[in-house]
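Protein chains in written order, with our numbering: chain X, 987 to 1266; chain F, -5 to 204.
Ideal placement from N, C-alpha and C gives every residue a C-beta, glycine not left out.
The next block holds one structure in the form of structure tokens; read it before the comments.
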Amino acid sequence: MFGYVIANTDILPEEDKKRYRSVYCGLCHALKKRHGQFGRLTLNYDMTFLILVLNSLNEPEARCAEERCVVHPCKKHCFVTTAISDYAADMNVALAYLNQLDNWHDDKNVFSLLHARLLKNKYRQIAERYPRQCGAMRSCIDNLSRFEKSGVQDPDAGARIFGELMAEVFVMKEDRWAETLRAMASSLGEFIYIMDAALDLRKDMRRHRYNPLISLKEAGRSSDYFKDILTMLIGNCTMEFEKLPLVEDVSIMRNILCSGVWTKMELEQERERRKGDRRQ
Amino acid sequence: MISDPYKVLGVSPNASDEEIKKAYRTLAKKYHPDVNPGDKNAERRMNEINAAYDQIKNPQQNAGAYGGYGGFGSYTNYGSGSGGGFNAGAEEESNALRAAMNYIRTSHFSEALNALSGIPAAERNGRWYYLSALANYGMNNRIVAKEHAETAVRFEPDNMEYRSLLSEIEQGGNFYRSYSQGFPAASFAGNLCMWLCAANLICRLCSCGI
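Structure (structure tokens):
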């Protein structure tokens, strides 16, 4: 997705850091095993949060192993895989495929088309296995692209569309936690959508591109206002998160929700600050 | 309804959140139907444990409230419970506002918004913003709901109804402010360039995949 749902490893205890990395490497491993090198190219940290939540909730049988890989060739490192890493790998590839296809339709990016072609067969298999999730992805991407083309300024609607996608992806099976997971994930999706728009706002305005927050910005809303909205959205997400009976890895997940999700925004603000300093 | 959900989970009523979750997990593992296939007794225990956990963690959901974010339930029976406050001004209230209120009561939120949109901007008062906030909240339009609830409170700062809606909408944000204390934000003390490269790399990996 957008690389927002990451841990702040600076404040993560060594033990947790190792664990976080091993789950991430597990996802990478699952991607390679199930979808080959081109599948592996879709790797991102956001899905690690999905794995942590569903692992902790379901406590499936885990396999730990050590290996060298392309990214870390010098050192052997351990990785953890479960049935959930496989699921996350499938979701990741399906999302990447639809996303690349969308990039091709919107921007005529040839690399996107190429990557989409390479993932096409994999996507077909995944869509057959997970029709609910892939259906939700498809309609989300279609709706968002239609919505953005119409130019309507309605951040709630865009956020909701993206929230619906996240809700279905987080529900691997319909069990007694499905509704809480949906509520949690849809708020997380709303947060990601608004965060992404907020960080691109300046650039999009300069380039006259669509951004759902332009009319709010033009009405004089400050960055504090956007931060307040984002706090509300991630707050709704954490309230639902805390309803789930999660024990294992809960400290890592709280780190992600309380600190990591703000990393990109902090980075952007720091950059602005330094730019300001230089001008003075 | 279980008379003492804490007893079912084997924890004291002042147990911490973590203790409750741990207790639930331990018991759930023991009585899970996958571990005890066909065991009616274990099944009954598991249901009891689930119900106890829900009762502690989602009290509103158990009261049969509106789903999703739980808290909204207090507003769906609005009107019947709040009594005089609303009816006092009913005579002056325009048909459109009354229609919107009725739609909200029956959870027809987009119809409510439609009715509200018929009122010209110049005539929109605190009540209008309050109803709009309610309908938007019902539709999960979080941003507009918050903004309109704030406007309603600005119109009538002493109206408790408006205030309680606003505080419900802001519940998540307020919860988060104390929840996230003790988690410092990421710092970029070192080389900012390196961080930017890393961020761009992550971005490339996910959105472009190339």
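Assigned exposure category for residue i - 16 Cβ within 10 Å defines buried
i	result
M154/F	exposed
G83/F	Note on G83/F: pLDDT 46, under 50, position unreliable in the model; no value is reported.
V991/X	buried
C178/F	With the sequence shown as reference, residue 178/F is identified as Pro, and Cys is not the correct amino acid for it. The residue is exposed, with fewer than 16 neighbouring Cβ atoms inside 10 Å.
G1246/X	buried
E1001/X	exposed
E1228/X	buried
C1120/X	buried
E1114/X	exposed
N1107/X	exposed
C1011/X	buried
P1198/X	buried
Residue nearest to residue i in terms of C-alpha spacing, selected from the options
i	options	result
C156/F	H142/F, G167/F and F169/F	The displayed chain sequence assigns Tyr, not Cys, to residue 156/F. Answer by Cα proximity: H142/F.
R1103/X	V1079/X, Y1116/X, A1122/X and C1126/X	V1079/X
D(-2)/F	E37/F, A45/F and I163/F	A45/F
R1026/X	M1077/X, A1153/X, E1052/X and D1002/X	M1077/X
S1042/X	L1230/X, N1107/X, N1241/X and L1243/X	L1230/X
I1037/X	T1224/X, M1152/X and L1013/X	L1013/X
S1209/X	E1228/X, E1226/X, L1187/X and T1224/X	L1187/X
N1030/X	N1095/X, A1074/X, R1207/X and D1161/X	A1074/X
S101/F	E117/F, N108/F, G132/F and N41/F	G132/F
S1071/X	M1251/X, M1225/X, A1016/X and E1256/X	A1016/X
A1069/X	M1158/X, N1085/X and K1004/X	M1158/X
I1127/X	R1257/X, L1202/X and A1082/X	A1082/X
W1248/X	E1045/X, D1088/X and M1181/X	M1181/X
C1244/X	R1260/X, F1133/X and M1218/X	M1218/X
R99/F	K34/F, L125/F and P114/F	L125/F
Where residue i meets chain X, residues with beta-carbon distance less than 9 Å
i	result
P53/F	Chain X residues near P53/F: none, gap ~11 Å exceeds 9 Å.
R148/F	Residues of chain X passing the Cβ test: none, with the nearest at roughly 15 Å.
Y173/F	G1221, T1224, M1225, E1228, R1240, L1243 and C1244
K1/F	Correct list: empty, because the minimum Cβ distance to chain X is about 18 Å.
Whole-angstrom C-beta distance between residue j and residue i, which should lie under 8 Å
i	j	result
A22/F	V5/F	With a Cβ gap of about 14 Å, A22/F and V5/F do not count as contacting.
G1149/X	L1130/X	The pair is not a contact, with the Cβ atoms about 11 Å apart (cut-off 8 Å).
Y1006/X	T1028/X	So it is not a contact: roughly 19 Å between Cβ atoms.
A36/F	Y25/F	5 Å
Residues that residue i bridges to, as DSSP identifies them
i	result
F1065/X	A1051/X
Neighbouring residues, chain F, relative to residue i (Cβ below 7 Å)
i	result
M1218/X	R136, K140, E164, G166 and G167
T1249/X	A180
Under 8 Å by beta carbon: chain F residues contacting residue i
i	result
P1141/X	I137
P999/X	Per Cβ cutoff of 8 Å: no residues; P999/X is ~13 Å from chain F at best.
R1162/X	N44
D1210/X	Simply none; closest approach about 13 Å.
Neighbour list for residue i in chain X, Cβ cutoff strictly below 8 Å
i	result
N108/F	Per Cβ cutoff of 8 Å: no residues; N108/F is ~15 Å from chain X at best.
F177/F	N994, I997, R1240, N1241, C1244 and S1245
Interface partners of residue i on chain X, CB under 7 Å
i	result
S181/F	D996
R19/F	P1231 and V1233
Check: residue i C-beta below 6 Å from any heavy atom of the ligand SAH
i	result
V1096/X	No copy of the ligand SAH occurs in the structure displayed, which carries no ligand at all.
Chain F contact residues for residue i, given Cβ-Cβ distances below 9 Å
i	result
E1252/X	A179, A180, S181 and F182
C1146/X	One point to set straight first is that residue 1146/X is Arg, not Cys, in the sequence displayed. Simply M133, N134, N135 and R136.
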